[in-house]
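Colleague: Sharing a structure, written as structure tokens. Questions coming.
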Amino acid sequence: MLQAYRAGELARTDVCDAHPELRRAAEMCSEAANEDCPICEDGELRLVRYVFGPRLPRHGRCITSSAELARIAGRRGDFTCYVVEVCPGCGWNHLQQAYALPDSC
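So, in structure tokens, the structure goes:
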């Protein structure tokens, strides 16, 4: 996607399309990715984690700390964690990683 954007095949609005809730999560309950945004090159990327599994909301649970992630990993059931890179400034977002808990917590 970045290559297509840089080649002029995609508009900025096509790649900077984060949902308002994802941008809010990036501002309020995320951790620094220690990388600049590849689109605006101004903002620092944030990592937002969502976990899906039994007895969690249908839309998943936004993880606010490593302790919360560990607690969920300790529960019975199959849980999947999705890590999304988000630029709160321009709205660029990308699924960085998905993994089953407790494999990588």
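Here my numbering is used: the first residue of the sequence shown is 33, the next is one more, and so on.
Every residue gets a Cβ at the ideal spot worked out from N, C-alpha and C, and that includes glycine.
Every value quoted in this text rests on a predicted model; they were computed, and no experiment measured them.
Give the straight-line distance between the Cα atoms of ARG93 and GLU100, rounded to the nearest whole angstrom.
Modeller: Within the sequence shown, numbered from 1, the residue matching residue 93 stands at position 61. Within the sequence shown, numbered from 1, the residue matching residue 100 stands at position 68. Cα-Cα distance, rounded: 10 Å.
Colleague: Hey, could you find the ends of the alpha helix (DSSP H) LEU88 is sitting in?
Modeller: As a position in the sequence shown, residue 88 is number 56, starting the count at 1. Note, LEU88: premise wrong, no alpha helix (DSSP H); not H, not E.
Colleague: Run through DSSP, which three-state label would THR112 get?
Modeller: The residue you call residue 112 lines up with position 80 of the sequence shown. In this structure, THR112 counts as strand in the three-state DSSP scheme.
Colleague: When the Cα of ASP110 is compared with those of PRO89, CYS72, VAL80 and LEU133, which residue comes out closest?
Modeller: Here residue 110 corresponds to residue number 78 of the sequence shown, with the count starting at 1. ASP110 has its Cα closest to that of LEU133, out of PRO89, CYS72, VAL80 and LEU133.
Colleague: Taking the DSSP output, what are the residues bridged to ALA132?
Modeller: Along the sequence shown, read from residue 1 onward, the residue named residue 132 stands at position 100. According to DSSP, ALA132 bridges with THR112.
Colleague: Report back the beta-carbon spacing between SER65 and ARG78 to the nearest angstrom; my notes put them in contact at under 8 Å.
Modeller: To locate residue 65, count along the sequence shown from 1; it is residue 33. To locate residue 78, count along the sequence shown from 1; it is residue 46. In the sequence under discussion, the amino acid at residue 65 is Ala, which differs from the Ser named in the question. That pair is a contact at about 6 Å.
Colleague: Helix, strand or coil for ALA65 per DSSP?
Modeller: Position 33 of the sequence shown, counted from the first residue, corresponds to residue 65. In this structure, ALA65 counts as strand in the three-state DSSP scheme.
Colleague: Starting from GLU76 and walking both ways along the beta strand (DSSP E), at which residues does that stretch end?
Modeller: Translated into the one-based positions of the sequence shown, residue 76 becomes position 44. 76-84 is the span of the beta strand (DSSP E), which, as asked, contains GLU76.
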